[in-house]
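Residue numbers (full-length UniProt numbering): 1 to 432. Note that CB positions come from ideal geometry on N, CA and C, so glycine has one too.
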């Protein structure tokens, strides 16, 4: 489905999805007549929509709930202690993960490493399931009925924007996972936060003067507090590196050589003049985070900081594995809260944003949904990239994505009747 126009439909995307929902209802209640070649018989096939794969922005659009600012986690919903720093504009998820710990864990009683003088007695509620979500949105009108308004209490009591059109599917409330968290973009954002903060890249680091102002009100980090006599100078944190160390890391990245297809040329992303890295694709961040961060930072970071970052790397390696052990995923569900708390102990409060917080929910989705290779955005991003290249002259409808896609499918279908020695897209030899 290609939505015309230069603007994002946002929560009104249900207007465009109405025809799709009608087809899905027909596919489930009536079915489609299918021929089975194995038994030489025809039968009525019925099918359901298994789940939805999209990025966080589209997640909120199809889910019917805003992902911005406080109460922005679509899994925790209203059950978080998100706050804003006195001089910060971003929603801060600092000390929001202690509630996921076991009740006897010592981190719950630690009054120094996390929020000052706070003991965590709260136990995280289980994620909302289909019937519970339906009960919350039962009295909210769909976007088709109220396209230009938001329900009463929005922003204060809740963040529900609408009743999702997918709730019209009779089986939708029975699904345990309906919207998948996009591991691709989560991993990319976590990598950017870690790398830019450790390398202290100006304009991209999460450790700024605004985040350190009045820091002692929130937590006990005296080494990061600003000097009242020199409020424009930010003290150097234990996780940030000096100019010479940053230069060594960038020279090391420039000299890296990878196997064919493993990653792009990272040397083109290194700017030695400004000592920064830019232009890394999501696949580059995936490989760099899981394989290269432990090597890049092992000699320049203190042991306790390096260990906390390695725990996050190992978590993503296990989540992204092609084979998953259910017993190990149960253990990972119990240990992911400890991993996030260890990350909170070494980082400023503004470091953890909404994308970093979503790590806490990844082990559960991996256990229920299976390998992430079938639930992340990589194949769809490649498809969108190829589709956008098909646009030619925008003044003619024949040069649109839809027309080019139809021609490509016709060409692929007719190539099935070519002789075996005729080279086509289906019979191209593999790269050696």
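Beta-carbon proximity list for residue i, same chain, < 8 Å, skipping 5 on both sides
| i | result |
| --- | --- |
| residue 138 | 163 |
| residue 369 | 51, 177, 180, 375 |
| residue 97 | 337, 340, 341, 344, 357, 360 |
| residue 42 | 33, 34, 35, 36 |
| residue 185 | 55, 56, 282, 355, 377 |
| residue 165 | 14, 17, 18, 21, 142, 143, 144 |
| residue 115 | 94, 95, 218, 219 |
| residue 6 | none |
C-alpha distance - residue i paired with residue j, whole-angstrom precision
| i | j | result |
| --- | --- | --- |
| residue 337 | residue 363 | 11 Å |
| residue 272 | residue 345 | 31 Å |
| residue 80 | residue 72 | 9 Å |
| residue 406 | residue 31 | 25 Å |
| residue 202 | residue 309 | 21 Å |
| residue 141 | residue 82 | 27 Å |
| residue 157 | residue 352 | 24 Å |
| residue 278 | residue 100 | 35 Å |
| residue 319 | residue 393 | 43 Å |
| residue 274 | residue 247 | 10 Å |
| residue 400 | residue 29 | 35 Å |
| residue 144 | residue 128 | 25 Å |
| residue 2 | residue 300 | 48 Å |
| residue 264 | residue 251 | 17 Å |
| residue 211 | residue 348 | 8 Å |
| residue 224 | residue 170 | 53 Å |
| residue 113 | residue 215 | 13 Å |
| residue 398 | residue 289 | 42 Å |
| residue 182 | residue 241 | 31 Å |
| residue 133 | residue 379 | 29 Å |
| residue 388 | residue 189 | 24 Å |
| residue 76 | residue 95 | 14 Å |
| residue 198 | residue 12 | 40 Å |
| residue 422 | residue 323 | 38 Å |
| residue 243 | residue 236 | 12 Å |
| residue 63 | residue 103 | 32 Å |
| residue 49 | residue 24 | 7 Å |
| residue 284 | residue 326 | 29 Å |
| residue 395 | residue 331 | 57 Å |
Strand pairing of residue i, partner residues [DSSP]
| i | result |
| --- | --- |
| residue 33 | 44 |
| residue 115 | 219 |
| residue 180 | 53 |
| residue 154 | 158 |
| residue 2 | Looking at the DSSP assignment, residue 2 forms no beta bridge with any residue, so it has no partner. |
| residue 142 | 163 |
| residue 92 | 83 |
| residue 249 | Paired residue(s): none; residue 249 is not in a bridge. |
| residue 276 | 271 |
| residue 254 | Note: residue 254 sits in no beta bridge, so no partner. |
| residue 65 | 160 |
Chain-order list of residues whose beta-carbon lies under 6 Å from that of residue i (same chain, five-residue window excluded)
| i | result |
| --- | --- |
| residue 249 | 296 |
| residue 159 | 65, 66, 71 |
| residue 16 | 3 |
| residue 27 | 47 |
| residue 403 | none |
Beta-carbon proximity list for residue i, same chain, < 7 Å, skipping 5 on both sides
| i | result |
| --- | --- |
| residue 415 | 424, 425, 426 |
| residue 267 | 254 |
| residue 329 | 363, 366, 367 |
| residue 305 | 238, 239, 346 |
| residue 174 | 130 |
| residue 205 | 196, 197 |
| residue 270 | 250, 253, 254, 277 |
| residue 294 | 310, 313 |
Practice item. Could you tell me which uninterrupted alpha helix (DSSP H) segments, each at least 4 residues in length, are contained entirely in the UniProt domain "DUF4218" (319-431), listed from first to last along the chain? Key: 326-346, 354-357, 362-369, 378-388, 401-414
**Study point:** Three CB pairs or more closer than 8 Å across the region 304-321 and the region 211-221
**Key:** no
Review point. Using 8 Å as the threshold, is the region 119-133 in touch with the region 380-398, meaning 3 or more CB pairs across them?
Key: no
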